[in-house]
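Letter 184 of the sequence shown, counting from 1, is numbered 205 in my numbering, and no numbers are missing. Note that beta-carbon positions come from the ideal geometry of N, C-alpha and C, so glycine has one too. Notes to accompany the following structure.
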Amino acid sequence: MTMKLTIVYDNEAYNKELDADWGFSCLIEACGRRILFDTGASGPILLGNMKKLGIDPRSIDEVFISHSHFDHTGGLSSFLRANPKATTYVPASFRPPAAGNIVSVKEPGQLHPNLFSTGELGGIEQSLAVKVEGELVVIAGCSHPGIGNIMRAASQFGKVSALVGGFHSFSELRLLKELRLVCPCHCTQRKAEIRKAYPLSCVEGGAGKVIEVWPG
Ligand SMILES: [Zn+2]
Ligand SMILES: [Zn+2]
Numbered sequence: 022m023t024m025k026l027t028i029v030y031d032n033e034a035y036n037k038e039l040d041a042d043w044g045f046s047c048l049i050e051a052c053g054r055r056i057l058f059d060t061g062a063s064g065p066i067l068l069g070n071m072k073k074l075g076i077d078p079r080s081i082d083e084v085f086i087s088h089s090h091f092d093h094t095g096g097l098s099s100f101l102r103a104n105p106k107a108t109t110y111v112p113a114s115f116r117p118p119a120a121g122n123i124v125s126v127k128e129p130g131q132l133h134p135n136l137f138s139t140g141e142l143g144g145i146e147q148s149l150a151v152k153v154e155g156e157l158v159v160i161a162g163c164s165h166p167g168i169g170n171i172m173r174a175a176s177q178f179g180k181v182s183a184l185v186g187g188f189h190s191f192s193e194l195r196l197l198k199e200l201r202l203v204c205p206c207h208c209t210q211r212k213a214e215i216r217k218a219y220p221l222s223c224v225e226g227g228a229g230k231v232i233e234v235w236p237g
């Protein structure tokens, strides 16, 4: 089994045809599902980038919202208007602006076989963990609870081997030492330092970037 992750919304554009804007969203294709992780800040930018990437909103089964901040939830209403049937997992502290099929998540647990939530950490944020070939890929929105706490919470479901998302002010570089793949994007303040410390495992982010786990 493999996993494909496409960054749809990011502060930077990897594919220059896409709009760059402060926020984060990515499409995860794994375990026979298509999951939209976060929705960026703006509905028109989210849906516009999806269109340019050939991603039909109606083809997405589920939305996973990491936390309430506008740069992760701003596109949610527009997305749910385009696809009212999607199931939306939200951290317990977030009251989504749209009605629909909303699932509130407080505790760590399995959402589907090989798909897990860390549960709401620090009263604010959940991260998604996908088990691929027995190893976990963790996707984080802003990492407000701290990378260490997120990785520790995800570890109850298996060995963490990859980390993708916004790392915010993260500075404990040694925590990334064991990882096979690191993609610091969105709000990560020390992107250059992380790239320099881990040139082999670190990959560039940005809207339009596609990451396959694990290739070959
Ligand atoms: Zn945030
Ligand atoms: Zn953010």
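- A straight-line Cα-Cα distance of about 13 Å links methionine 22 and isoleucine 49.
- Scanning the stretch 45-75 for uninterrupted alpha helix (DSSP H) segments of 4 residues or longer gives 64-73, listed from N- to C-terminal end.
- In this structure, the CA atom of arginine 116 is about 33 Å from the CA atom of glutamate 233.
- By the neighbour-count definition (other C-beta atoms within 10 Å, threshold 16), glycine 44 is a buried residue.
- Closest in alpha carbon position to lysine 25, among Ala183, His189, Leu221, is Ala183.
- Straight-line spacing of the CA atoms in arginine 201 and isoleucine 76 works out to 28 Å.
- According to the DSSP assignment, leucine 26 belongs to the beta strand (DSSP E) that extends over 24-30.
- Remark: C-beta atoms of isoleucine 81 and leucine 101 do not approach each other more closely than 8 Å.
- Annotation: the continuous beta strand (DSSP E) that includes alanine 183 extends over 180-187.
- CA-CA distance, cysteine 163 to glutamate 156, rounds to 22 Å.
- Exclusion of the five residues before and after serine 190 leaves Gln210 as the residues of its chain whose Cβ lies within less than 7 Å of its Cβ.
- Across the set Lys212, Leu136, Leu196, the C-alpha of Leu136 shows the shortest separation from the C-alpha of phenylalanine 85.
- Phenylalanine 91 counts as exposed, since fewer than 16 other beta carbons sit within 10 angstroms of its beta carbon.
- At a cut-off of 7 Å, the beta-carbon of glycine 95 does not count as near ligand 2: no heavy atom of the ligand is closer than that.
- Serine 138 is bridged by DSSP to Gly130, Leu149.
- Residue side-chain check: glycine 61 keeps its Cβ at 7 Å or more from all non-hydrogen atoms of ligand 1.
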